[in-house]
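Visitor: Could you have a look at this structure, given as structure tokens, before my questions?
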Amino acid sequence: GQQLNQSPQSMFIQEGEDVSMNCTSSSIFNTWLWYKQDPGEGPVLLIALYKAGELTSNGRLTAQFGITRKDSFLNISASIPSDVGIYFCAGLGGSNYKLTFGKGTLLTVNP
Amino acid sequence: DAGITQSPRHKVTETGTPVTLRCHQTENHRYMYWYRQDPGHGLRLIHYSYGVKDTDKGEVSDGYSVSRSKTEDFLLTLESATSSQTSVYFCAISGSELAGSHNEQFFGPGTRLTVL
């Protein structure tokens, strides 16, 4: 089946720093989604990308749909303590509606 | 919020007992999904539904069954629970009538199941 490689697995940063994480695949995806999960809660959708090359922002978050359709990245600018959590990428390929998830990036922000 | 609730939120049961988890949505989304989340494996799809009484298997469906008798409810049943089914279970929905959001999945708060 399709697989997503998400990196890095974890990050430890200082408050105010910028963060970048990415997902790559050997398969083409038509949709890329980025989620954040806080402890004890379900994943929350942050950004959805539908076109190759698309760059979309949501506050301090910016995500891009790679031009090859096989990758996507998420940037967080000027990190704050509440950015702590696990960030997941997810891709949708073909005509089905089943997402393939990356294994997540654990972000820790030191105040 | 996408109007998704899961019940129970926590459950401890014994090996061999049947368990049913419920997902309820108030958004009239067409598609519903059950995932399990385990350390080192991320989110894995168990079963999904693409309409009332229409369901199909995901990548880790062995030992699980589902039913969807109405749009708003999707039930996940473990006929005879095993310790390997100890996990956090998430329901998700998608298929809004809003343009451009068909593929976006929204997750419930999760059910933490422990099988002793």
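Chains as they are written, first to last, in the numbering used here: chain A, 1 to 111; chain B, 1001 to 1116.
C-beta: ideal position from N, C-alpha, C; glycine also.
As the structure is a prediction and not an experimental result, all values here were calculated from the model.
1) Verify whether the separation of the beta carbon atoms of F65(A) and W34(A) is less than 8 Å.
2) When the Cβ atoms of the region 1008 to 1017 of chain B are set against those of the region 1055 to 1075 of chain B, are three or more pairs found closer than 8 Å?
3) Confirm, please, whether the CB-CB distance from K1011(B) to T1086(B) is below 8 Å.
4) Three or more beta-carbon pairs under 8 Å between the region 1023 to 1033 of chain B and the region 40 to 52 of chain A, yes or no?
5) Assign L1043(B) to one of two classes, buried (16 or more other C-beta atoms within 10 Å of its C-beta) or exposed (fewer than that).
6) Which residues of chain A have a Cβ atom closer than 7 Å to the Cβ of G1051(B), listed in chain order?
7) Going by the beta-carbon positions, is the gap between Q6(A) and C23(A) smaller than 8 Å?
8) My understanding is that L92(A) touches N30(A), with C-beta atoms under 8 Å, so please give their C-beta distance in whole angstroms.
9) Can you grab the Cα-Cα spacing for the pair V1115(B) / Q1037(B), in whole Å?
10) Mind pulling the chain A residues with CB within less than 7 Å of S1094(B)?
11) If you check the beta carbons only, do G1051(B) and E1027(B) fall under 8 Å apart?
Guide: On the basis of the supplied data:
1) Position 65 of the first sequence, counting from 1, holds the residue named residue 65(A). Position 34 of the first sequence, counting from 1, holds the residue named residue 34(A). No, Cβ-Cβ distance for F65(A) and W34(A) is not below 8 Å.
2) The region 1008 to 1017 of chain B makes no contact with the region 1055 to 1075 of chain B; the number of CB pairs closer than 8 Å stays below 3.
3) Counted from its first residue, the second sequence places residue 1086(B) at position 86. Counted from its first residue, the second sequence places residue 1011(B) at position 11. Pairing T1086(B) with K1011(B) gives a Cβ-Cβ distance that is not under 8 Å.
4) Under the 8 Å Cβ criterion, the region 1023 to 1033 of chain B does not count as touching the region 40 to 52 of chain A, having fewer than three qualifying pairs.
5) As a position in the second sequence, residue 1043(B) is number 43, starting the count at 1. By the 10 Å Cβ count, L1043(B) comes out buried.
6) On the second sequence, position 51 is the one that residue 1051(B) refers to. By Cβ distance, chain A contributes nothing, its closest Cβ being about 12 Å from G1051(B), past 7 Å.
7) Along the first sequence, read from residue 1 onward, the residue named residue 6(A) stands at position 6. Along the first sequence, read from residue 1 onward, the residue named residue 23(A) stands at position 23. The answer is yes: Cβ separation under 8 Å.
8) Here the question's residue 92(A) lines up with position 92 in the first sequence. Here the question's residue 30(A) lines up with position 30 in the first sequence. Confirmed, Cβ separation roughly 6 Å.
9) Taking the second sequence and counting its residues from 1, one reaches residue 1115(B) at position 115. Taking the second sequence and counting its residues from 1, one reaches residue 1037(B) at position 37. Each residue's Cα considered, the two are about 15 Å apart.
10) For the purposes of this step, residue 1094(B) is taken as residue 94 along the second sequence, with counting starting at 1. Contact of S1094(B) with chain A by beta-carbon distance below 7 Å involves Y97.
11) Within the second sequence, numbered from 1, the residue matching residue 1051(B) stands at position 51. Within the second sequence, numbered from 1, the residue matching residue 1027(B) stands at position 27. No.
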